[in-house]
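S.K.:
Residue numbers (our numbering): -7 to 316.
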């Protein structure tokens, strides 16, 4: 009869540990994808809610030195002011449809006194060779812009050098141009009712759920596949064993148990022999010590006899003075 005893061998136990670790990793990665799906749904809900709201004055949504509130992301705002074209900042490494390009950010000095950073759009350009002097010039004079609010980026990519950066940070750009700027920035929709000339509009976010749901299911499927594979390989191993091999395996296991039991019995016998030899030696020492000691009762000891003899002799010895 075939047996499953081979599963307790070292090889199969290590295999089982590896499978458990793989299943845990697949479960964790699946959970991570579903958490990302929840975050995406929450972000899409904010964007959809803000799309239905009427544009608000920029001062009602943004403030200098204050980060963009999460619920205001992609909300439409309006601002009136004058573009400061001399302080144009280009954002490098903005690819679109496989083509390299840049985003053009121009400060808008509003009538309120603070400066609003406006991302006017994208243009195809060499990421290394483009400069603010090569970009389309914004409208002169007072202009009213309308666009979507975006939050600042963080990290080393926001460093500004020679009016060039890789990610937009109102704090970094404000320090570079020496102006007080609103927190966050605005992605341009229209200026005086028209899109920016000679620039592609910035792409708006896709409001789908992305691939996270299927990625999560895929990771969980990998975990189930690992369990199924372990079970199949174990079944195949058991099926491939011939009855005589199974008997031989069981006999070998029984023989190992017998050898282990005999070894333990031998150890116990040696221990018992040592204990008996020690007990016999101690008994012999005690017997020898007992024979060597004088008896505690019976005739008078030699010292006592000597003392009695001296007393008798003294009584019978003549007096040295001659008296009886």
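Note that CB positions come from ideal geometry on N, CA and C, so glycine has one too.
Looking at the structure shown, is residue 61 part of a helix, part of a strand, or coil, going by DSSP?
M.R.: Within the chain shown, numbered from 1, the residue matching residue 61 stands at position 69. Reduced to three states, the DSSP call for residue 61 is coil.
S.K.: What residue range is occupied by the uninterrupted alpha helix (DSSP H) comprising residue 160?
M.R.: Position 168 of the chain shown, counted from the start, is the residue given in the question as residue 160. That residue, residue 160, is in no alpha helix (DSSP H); it is neither H nor E in DSSP.
S.K.: Under the assumption that residue 25 contacts residue 208 (Cβ atoms under 8 Å), give the Cβ distance between them as a whole number of angstroms.
M.R.: Here residue 25 corresponds to residue number 33 of the chain shown, with the count starting at 1. Here residue 208 corresponds to residue number 216 of the chain shown, with the count starting at 1. That pair is a contact at about 4 Å.
S.K.: To the nearest whole angstrom, what separates the beta carbons of residue 174 and residue 50, a pair I think is in contact under 8 Å?
M.R.: To locate residue 174, count along the chain shown from 1; it is residue 182. To locate residue 50, count along the chain shown from 1; it is residue 58. Yes, residue 174 and residue 50 are in contact; Cβ-Cβ is about 7 Å, under 8 Å.
S.K.: Relative to the alpha-carbon of residue 66, which residue among 88, 161, 130 and 37 has its alpha-carbon at the smallest distance?
M.R.: If you number the chain shown from 1, residue 66 lands on position 74. When each option's Cα is compared against that of residue 66, the closest is 37.
S.K.: Does the Cβ of residue 98 have 16 or more other Cβ atoms within 10 Å, making it buried, or fewer, making it exposed?
M.R.: Here residue 98 is taken as the residue at index 106 of the chain shown, counted from 1. So residue 98 ends up on the buried side.
S.K.: Pairs of beta-carbons, one from the region 123 to 141 and one from the region 163 to 181, closer than 8 Å: are there three or more?
M.R.: In short, these stretches touch, since the Cβ pair count reaches three.
S.K.: From 75, 198 and 265, pick the residue whose C-alpha is nearest to that of residue 32; which is it?
M.R.: Indexing the chain shown from 1 puts residue 32 at position 40. Checked all of 75, 198 and 265; the closest Cα to residue 32 is 198.
S.K.: What residue range is occupied by the uninterrupted beta strand (DSSP E) comprising residue 68?
M.R.: Sequence index remark: in the chain shown, residue 68 carries index 76 (1-based). Where residue 68 is concerned, the enclosing beta strand (DSSP E) stretches over 68 to 75.
S.K.: For a quick check, are the C-beta atoms of residue -5 and residue 233 less than 9 Å apart?
M.R.: On the chain shown, position 3 is the one that residue -5 refers to. On the chain shown, position 241 is the one that residue 233 refers to. In this structure, residue 233 lies closer than 9 Å to residue -5 by Cβ.
S.K.: Note down, in chain order, each residue of its chain lying with its Cβ closer than 7 Å to the Cβ of residue 17, except the 5 sequence neighbours on either side.
M.R.: Counting from 1 along the chain shown, the entry for residue 17 is found at position 25. Nothing listed; no residue qualifies.
S.K.: Any idea if residue 146 is buried or exposed, counting beta-carbon neighbours within 10 angstroms, 16 or more meaning buried?
M.R.: Residue numbering aside, residue 146 sits at position 154 when the chain shown is read from its first letter. Label assigned to residue 146: exposed.
S.K.: Between the beta-carbon of residue 135 and the beta-carbon of residue 109, is there less than 9 Å?
M.R.: For the purposes of this step, residue 135 is taken as the residue at position 143 of the chain shown. For the purposes of this step, residue 109 is taken as the residue at position 117 of the chain shown. The answer is no: Cβ separation not under 9 Å.
S.K.: Is residue 93 near the ligand FAD, judged by its Cβ being under 8 Å from some heavy atom?
M.R.: Ligands in the displayed structure: none, and consequently the ligand FAD is not present.
S.K.: Relative to the C-alpha of residue 12, which candidate in 220, 228, 259 and 265 has its C-alpha closest?
M.R.: Position 20 of the chain shown, counting from 1, holds the residue named residue 12. Nearest C-alpha to residue 12: 220.
S.K.: When you compare only the Cα positions, how much space is there between residue 131 and residue 41?
M.R.: For the purposes of this step, residue 131 is taken as residue 139 along the chain shown, with counting starting at 1. For the purposes of this step, residue 41 is taken as residue 49 along the chain shown, with counting starting at 1. About 31 Å.
S.K.: Should residue 188 go down as buried or exposed, given a rule of 16 or more other Cβ atoms within 10 Å for buried?
M.R.: Here residue 188 refers to the residue found at position 196 when the chain shown is read from its first residue. Buried, by the Cβ-count rule.
S.K.: Quick one: Cα of residue 106 to Cα of residue 29, how far?
M.R.: Numbered from its first residue, the chain shown carries residue 106 at position 114. Numbered from its first residue, the chain shown carries residue 29 at position 37. About 37 Å.
S.K.: From 144, 247 and 88, pick the residue whose C-alpha is nearest to that of residue 165; which is it?
M.R.: Locating residue 165 in the chain shown gives position 173, counting from the first residue. It is 144.
S.K.: Do residue 95 and residue 113 have their C-beta atoms closer together than 9 Å?
M.R.: Locating residue 95 in the chain shown gives position 103, counting from the first residue. Locating residue 113 in the chain shown gives position 121, counting from the first residue. Yes.
S.K.: Assuming the contact rule is C-beta atoms closer than 8 Å, residue 128 and residue 190 should be a hit. Round their C-beta distance to whole Å, please.
M.R.: Residue numbering aside, residue 128 sits at position 136 when the chain shown is read from its first letter. Residue numbering aside, residue 190 sits at position 198 when the chain shown is read from its first letter. With 8 Å as the limit, residue 128 and residue 190 qualify as a contact, their Cβ atoms being about 4 Å apart.
S.K.: So, using beta-carbon positions, are residue 92 and residue 176 closer together than 9 Å?
M.R.: The residue you call residue 92 lines up with position 100 of the chain shown. The residue you call residue 176 lines up with position 184 of the chain shown. Their beta carbons are not under 9 Å apart, which means residue 92 does not touch residue 176 by this criterion.
S.K.: Just reading off the beta strand (DSSP E) that residue 113 is part of, what are its end residues?
M.R.: In the chain shown, residue 113 corresponds to position 121, counting from 1. From DSSP, the beta strand (DSSP E) with residue 113 extends over 107 to 116.
S.K.: Once you ignore the five residues that flank residue 46 on each side, which residues in its own chain have a CB closer than 7 Å to its CB?
M.R.: Counting from one through the chain shown, the residue named residue 46 turns up at place 54. Same-chain partners within the cutoff: there are none.
S.K.: Please report the Cβ distance between residue 8 and residue 222, rounded to the nearest whole angstrom; I am assuming they are in contact, meaning their Cβ atoms lie under 8 Å.
M.R.: Position 16 of the chain shown holds residue 8. Position 230 of the chain shown holds residue 222. Right, their Cβ atoms sit about 7 Å apart.
S.K.: If residue 150 and residue 156 are in contact, beta carbons under 8 Å, what's the gap, nearest whole angstrom?
M.R.: Taking the first residue of the chain shown as 1, we reach residue 150 at position 158. Taking the first residue of the chain shown as 1, we reach residue 156 at position 164. Actually they are not in contact, since the Cβ atoms of residue 150 and residue 156 sit about 12 Å apart, beyond 8 Å.
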